[in-house]
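Take a look at the structure set out below.
The following block contains the structure:
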(Lines of atoms letter the chains of each structure in order from A and count residues from 1; the text may use other names and numbers.)
(Lines give C-alpha, C1' and ligand atoms only; values in the text may rest on other atoms or scores of the structure.)
Protein backbone atom coordinates (compact mmCIF):
# COMPACT_ATOMS: atom_id res chain seq x y z
CA UNK A 1 0.00 0.00 0.00
CA UNK A 2 1.39 3.45 -1.01
CA UNK A 3 2.20 5.90 1.72
CA UNK A 4 0.26 9.12 2.22
CA UNK A 5 3.16 11.20 0.80
CA UNK A 6 3.27 9.20 -2.44
CA UNK A 7 -0.48 9.47 -2.88
CA UNK A 8 -0.36 13.25 -2.30
CA UNK A 9 2.43 13.68 -4.91
CA UNK A 10 0.55 11.57 -7.43
CA UNK A 11 -2.64 13.63 -6.88
CA UNK A 12 -0.78 16.97 -7.29
CA UNK A 13 0.94 15.77 -10.45
CA UNK A 14 -2.41 14.67 -11.89
CA UNK A 15 -3.99 18.03 -11.02
CA UNK A 16 -1.09 19.90 -12.67
CA UNK A 17 -1.42 17.82 -15.85
CA UNK A 18 -5.18 18.43 -15.96
CA UNK A 19 -4.66 22.20 -15.55
CA UNK A 20 -2.04 22.25 -18.33
CA UNK A 21 -4.36 20.27 -20.62
CA UNK A 22 -7.24 22.67 -19.93
CA UNK A 23 -5.03 25.72 -20.55
CA UNK A 24 -3.67 24.34 -23.83
CA UNK A 25 -7.11 23.21 -24.93
CA UNK A 26 -8.47 26.70 -24.31
CA UNK A 27 -5.63 28.81 -25.74
CA UNK A 28 -4.62 26.88 -28.86
CA UNK A 29 -8.01 26.93 -30.61
CA UNK A 30 -8.41 30.62 -29.69
CA UNK A 31 -5.21 31.70 -31.50
CA UNK A 32 -6.62 31.41 -35.07
CA UNK A 33 -9.88 32.96 -33.91
CA UNK A 34 -8.01 35.95 -32.48
CA UNK A 35 -6.11 36.39 -35.74
CA UNK A 36 -9.36 36.25 -37.71
CA UNK A 37 -10.91 38.85 -35.39
CA UNK A 38 -8.38 41.53 -36.41
CA UNK A 39 -10.37 44.57 -37.52
CA UNK A 40 -9.73 48.06 -38.81
CA UNK A 41 -10.21 50.49 -35.93
CA UNK A 42 -9.18 53.83 -37.45
CA UNK A 43 -7.86 55.25 -40.73
CA UNK A 44 -6.00 58.56 -40.77
CA UNK A 45 -5.22 60.55 -43.91
CA UNK A 46 -2.91 63.45 -44.56
CA UNK A 47 -2.07 65.21 -47.77
CA UNK A 48 0.92 67.33 -48.71
CA UNK A 49 1.56 68.31 -52.30
CA UNK A 50 1.41 65.20 -54.46
CA UNK A 51 1.41 62.66 -51.61
CA UNK A 52 -1.50 61.13 -49.70
CA UNK A 53 -0.32 59.18 -46.66
CA UNK A 54 -1.64 57.96 -43.35
CA UNK A 55 -1.92 55.12 -40.85
CA UNK A 56 -4.37 52.30 -40.27
CA UNK A 57 -4.88 51.22 -36.66
CA UNK A 58 -6.05 47.64 -36.03
CA UNK A 59 -7.86 46.19 -33.02
CA UNK A 60 -5.20 43.48 -32.57
CA UNK A 61 -1.87 42.56 -34.08
CA UNK A 62 -1.66 39.58 -36.43
CA UNK A 63 0.23 38.48 -39.50
CA UNK A 64 -1.61 39.12 -42.75
CA UNK A 65 -2.26 41.89 -45.26
CA UNK A 66 -4.09 45.19 -45.32
CA UNK A 67 -5.36 46.73 -48.56
CA UNK A 68 -5.45 50.53 -48.86
CA UNK A 69 -7.52 51.98 -51.73
CA UNK A 70 -7.45 55.64 -52.79
CA UNK A 71 -10.77 57.20 -53.83
CA UNK A 72 -11.19 60.62 -55.49
CA UNK A 73 -13.99 62.93 -56.56
CA UNK A 74 -14.50 66.46 -57.81
CA UNK A 75 -18.11 66.76 -56.68
CA UNK A 76 -18.80 64.76 -53.52
CA UNK A 77 -17.21 63.55 -50.28
CA UNK A 78 -19.61 60.59 -50.11
CA UNK A 79 -17.70 57.29 -50.56
CA UNK A 80 -20.34 55.79 -52.87
CA UNK A 81 -19.89 58.71 -55.30
CA UNK A 82 -16.09 58.55 -55.39
CA UNK A 83 -13.89 56.71 -57.90
CA UNK A 84 -11.06 54.36 -56.97
CA UNK A 85 -7.81 55.33 -58.72
CA UNK A 86 -5.23 53.27 -56.84
CA UNK A 87 -4.60 50.57 -54.27
CA UNK A 88 -1.72 48.98 -52.44
CA UNK A 89 -1.26 45.93 -50.22
CA UNK A 90 0.65 46.35 -46.97
CA UNK A 91 1.87 43.38 -44.91
CA UNK A 92 1.02 43.27 -41.21
CA UNK A 93 3.11 41.50 -38.61
CA UNK A 94 2.52 39.82 -35.26
CA UNK A 95 3.69 42.90 -33.33
CA UNK A 96 2.05 45.57 -35.48
CA UNK A 97 -1.13 47.35 -34.35
CA UNK A 98 -0.61 50.15 -36.88
CA UNK A 99 0.55 50.14 -40.49
CA UNK A 100 1.40 53.03 -42.80
CA UNK A 101 0.35 53.59 -46.41
CA UNK A 102 1.19 56.20 -49.03
CA UNK A 103 0.12 57.18 -52.55
CA UNK A 104 2.03 59.36 -55.03
CA UNK A 105 -0.67 61.38 -56.79
CA UNK A 106 1.60 62.39 -59.66
CA UNK A 107 1.70 58.72 -60.74
CA UNK A 108 -2.05 58.10 -60.30
CA UNK A 109 -4.91 59.51 -62.35
CA UNK A 110 -2.62 60.87 -65.08
CA UNK A 111 -1.60 63.78 -62.84
CA UNK A 112 -5.17 65.11 -62.69
CA UNK A 113 -6.11 67.31 -59.74
CA UNK A 114 -9.16 66.26 -57.69
CA UNK A 115 -11.18 68.13 -55.08
CA UNK A 116 -11.65 65.31 -52.54
CA UNK A 117 -9.46 62.37 -51.48
CA UNK A 118 -10.41 59.45 -49.21
CA UNK A 119 -8.75 56.11 -48.33
CA UNK A 120 -10.49 52.81 -47.64
CA UNK A 121 -8.57 50.26 -45.54
CA UNK A 122 -9.59 46.59 -45.66
CA UNK A 123 -8.37 43.71 -43.51
CA UNK A 124 -10.21 40.47 -44.23
CA UNK A 125 -13.90 41.36 -44.12
CA UNK A 126 -13.40 44.47 -41.98
CA UNK A 127 -13.09 47.81 -43.79
CA UNK A 128 -13.31 51.49 -42.95
CA UNK A 129 -13.04 54.80 -44.83
CA UNK A 130 -10.92 57.72 -43.72
CA UNK A 131 -12.28 61.22 -43.49
CA UNK A 132 -12.30 63.13 -46.77
CA UNK A 133 -9.38 65.49 -47.32
CA UNK A 134 -10.18 68.54 -49.39
CA UNK A 135 -8.64 70.74 -52.02
CA UNK A 136 -6.54 73.18 -49.95
CA UNK A 137 -4.32 70.47 -48.47
CA UNK A 138 -3.85 68.17 -51.46
CA UNK A 139 -2.20 68.19 -54.87
CA UNK A 140 -2.11 71.77 -56.04
CA UNK A 141 -3.31 72.48 -59.57
CA UNK A 142 -0.76 72.57 -62.37
CA UNK A 143 -0.67 76.42 -62.44
CA UNK A 144 0.87 76.83 -58.99
CA UNK A 145 4.53 75.97 -59.82
CA UNK A 146 4.66 78.82 -62.35
CA UNK A 147 3.48 81.37 -59.77
CA UNK A 148 7.08 82.02 -58.67
CA UNK A 149 8.14 82.77 -62.24
CA UNK A 150 5.18 85.12 -62.70
CA UNK A 151 6.17 87.00 -59.54
CA UNK A 152 9.74 87.29 -60.77
CA UNK A 153 8.56 88.67 -64.13
CA UNK A 154 6.49 91.32 -62.31
CA UNK A 155 9.49 92.23 -60.16
CA UNK A 156 11.77 92.63 -63.19
CA UNK A 157 9.17 94.70 -65.07
CA UNK A 158 8.67 96.94 -62.02
CA UNK A 159 12.43 97.42 -61.65
CA UNK A 160 12.73 98.29 -65.35
CA UNK A 161 9.91 100.84 -65.11
CA UNK A 162 11.48 102.31 -61.98
CA UNK A 163 14.85 102.54 -63.71
CA UNK A 164 13.33 104.35 -66.69
CA UNK A 165 11.60 106.87 -64.40
CA UNK A 166 14.78 107.43 -62.40
CA UNK A 167 16.88 108.08 -65.52
CA UNK A 168 14.17 110.38 -66.87
CA UNK A 169 14.07 112.42 -63.70
CA UNK A 170 17.89 112.73 -63.65
CA UNK A 171 17.85 113.79 -67.29
CA UNK A 172 15.25 116.48 -66.64
CA UNK A 173 17.21 117.73 -63.58
CA UNK A 174 20.42 117.97 -65.59
CA UNK A 175 18.60 119.96 -68.31
CA UNK A 176 17.20 122.37 -65.70
CA UNK A 177 20.58 122.93 -64.08
CA UNK A 178 22.21 123.52 -67.46
CA UNK A 179 19.73 126.25 -68.37
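Residue numbers (my numbering): 268 to 446.
Every residue, glycine too, gets a C-beta built ideally from N, C-alpha and C.
Locate the beta strand (DSSP E) running through residue i, then write down its first and last residues.
| i | result |
| --- | --- |
| residue 384 | 383 to 390 |
| residue 401 | Run containing residue 401: none; DSSP gives neither H nor E here. |
| residue 325 | 318 to 325 |
| residue 395 | 393 to 396 |
| residue 308 | 307 to 310 |
| residue 329 | No beta strand (DSSP E) holds residue 329; DSSP gives it neither H nor E. |
Based on DSSP bridge pairs, tell me the residues matched to residue i.
| i | result |
| --- | --- |
| residue 355 | 335 |
| residue 350 | 339 |
| residue 315 | 318 |
| residue 360 | DSSP output for residue 360 lists no bridge partner at all. |
| residue 370 | 319 |
Kindly give me the distance between the Cβ atoms of residue i and residue j, rounded to whole angstroms, as I take these residues to be in contact under 8 Å.
| i | j | result |
| --- | --- | --- |
| residue 388 | residue 335 | 5 Å |
| residue 451 | residue 373 | Residue 451 is absent from the structure shown; the chain starts at 268 and stops at 446. |
| residue 331 | residue 390 | 7 Å |
| residue 370 | residue 337 | 5 Å |
Just to confirm before moving on: does the CB-CB distance between residue i and residue j stay below 8 Å?
| i | j | result |
| --- | --- | --- |
| residue 324 | residue 340 | no |
| residue 310 | residue 357 | no |
| residue 381 | residue 319 | no |
| residue 397 | residue 316 | no |
| residue 329 | residue 359 | yes |
Using only the heavy atoms of the ligand SAH, determine whether one of them is closer than 7 Å to the beta carbon of residue i.
| i | result |
| --- | --- |
| residue 332 | Only the bare structure without any ligand can be found here, which leaves the ligand SAH out of the picture. |
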